[in-house]
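One structure below.
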Amino acid sequence: MDLFSPLSLGDLRLANRLTMAPLTRMRSGDDGIPGDLLVEYYTQRASLGMIVTEGTYPLQESKAFPGQPGIETEEQVAGWKVVTDSVHAAGGVIVLQLMHGGRVSHPFITGTERIVAPSAVAIDGQAHTAQGKVAYPVPHALTLDELASTKDALVAGARNAIRAGFDGVEIHGANGYLLHEFLSPGANVRDDSYGGSPENRARYVIEVTQAISEAIGAGRTGIRLSPEHNIQDACEKDADDVRATYAALLDGIGGLGLAYLSVLHAEPAGELVQDLRARFDGGLIVNSGFSAVTTRAEAVAVLENAHADAVAVGRMVIANPDLAERWAQEAPENTPDATTFYGAGPQGYTDYPTLVGA
Ligand SMILES: Cc1cc2nc3c(=O)[nH]c(=O)nc-3n(C[C@H](O)[C@H](O)[C@H](O)COP(=O)(O)O)c2cc1C
């Protein structure tokens, strides 16, 4: 399959199979309202087949980074509406990544009294806050009632995203945040029906996915997973347990008619990812993780060998707003500058040159 051929993922119509991976950039101020800078940044990238936004919080206590955007308040919804209108006017497709940060946060970041997680197990490490680096706190283990209200908040965030003009919502089930914490035996030591066995650890992610897809339509709902991505102490080191947990998850969500499954894994062509794909009735987007920057050659090979329907590209999209054109023409690329990935202002954000401007 050609990287530059069109693709339908549920209700989403992509002009090509290059998607912008979700990328936290922390440029939405203290109130989490996307402003003009985000409008420009996302619009610059509208020629990719689909943009997935940075992880966005639906609830103040789920915020994970200073400067992260939200999708909770009317002001945040209005800010995003300007972004989505502008991306659509430029011919793009844009999906919001809905992210509950779980225990990867600190009250200095959320401004709330508590940080929540499946279990009261802290990450061994430090959070980056405006007040400097501080040890991650021991999170409050969500009660059964709180699991229900947190699910409701995620559904409300998904509905808000649709009101803000997004074409769809990607549920963030990856990279050590709340939903991934439920899946990981390292982070989830609950002894109720949401912990213990693989089926129990998969249960909350299934329930959240069902509820969101019912609320906004399965054809507008995607999910991102990162099995075996041992990050932020959400460790999954027993291969048999990983297979059983993600098989249980996919058996719960595989038949819902979701738009897509996005998987971050070092070996997209390997048995694990391809087994998950076989259990899923929508399209597959892959990304091979942080160890090496996704290259054109890698993306072309994934598509030519039919290991996925589309490829999510992160750092090369940060550095090349017109990456779709560059890769179509095999033109030279700008190099990403990691020192400006996170932070404020246009530098390293909206000032990478396009081919025309180069
Ligand atoms: C600066 C930065 C921010 C990221 N933020 C997110 C995020 O908000 N949500 C997410 O699922 N992944 C996030 N990721 C992971 C990327 O989506 C992607 O998987 C990773 O960059 C590897 O792909 P690449 O080699 O194409 O960059 C982030 C990565 C980087 C470099």
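Quick note on numbering: the sequence shown equals residues 9 to 366 in our numbering.
Using N, Cα and C, we set each Cβ at its ideal position, and we do this for glycine too.
- Judged by DSSP secondary structure, His-96 falls within the alpha helix (DSSP H) whose first and last residues are 82-97.
- Judged by beta-carbon spacing, Met-28 lies within the 7 angstroms limit of Val-325, meaning their Cβ atoms are closer than that value.
- The alpha carbon of His-188 has as its nearest neighbour, out of Asp-345, Ser-296, Thr-253, the alpha carbon of Thr-253.
- Annotation: the continuous beta strand (DSSP E) that includes Ser-270 extends over 268-272.
- Sequence-distant partners of Ala-332 (beyond 5 residues in either direction) whose C-beta falls short of 7 angstroms from its own C-beta, in its chain, are Asn-24, Leu-26, Ser-55, Leu-56.
- Separation of Val-308 and Asn-328 (C-alpha to C-alpha, rounded to the nearest whole angstrom) is 17 angstroms.
- Considered as a whole, the segment 12-37 harbours 15-17, 20-22, 26-28 as its complete beta strand (DSSP E) runs of no fewer than 3 residues, in chain order.
- In the same chain as Ser-201, and ignoring 5 residues on each side of it, the C-beta atoms closer than 6 angstroms to its own belong to Asn-208, in chain order.
- Asp-132 and Ala-339 have their C-alpha atoms some 43 angstroms from each other.
- Every alpha helix (DSSP H) of 4 residues or more that sits fully in the segment 279-351 is shown, in chain order, as 279-286, 304-312, 323-327, 331-337.
- The nearest non-hydrogen atom of ligand 1 is less than 6 angstroms from the C-beta of Arg-232.
- Taking all protein chains in view, the Cβ of Gln-355 is surrounded by fewer than 16 other Cβ atoms within 10 Å, so the residue is classified as exposed.
- For the 7 angstroms CB-CB criterion, Gln-134 and Ala-128 do not form a contact.
- In the DSSP annotation of this structure, Glu-215 is not part of any beta strand (DSSP E); the continuous alpha helix (DSSP H) holding it starts and ends at 206-224.
- Gly-291 sits close to Leu-17, with the two beta carbons spaced by under 7 angstroms.
- Our two residues, Phe-349 and Phe-190, have alpha carbons roughly 28 angstroms apart in a direct line.
- Annotation: Ser-270 to Ala-346 spans about 24 angstroms, alpha carbon to alpha carbon.
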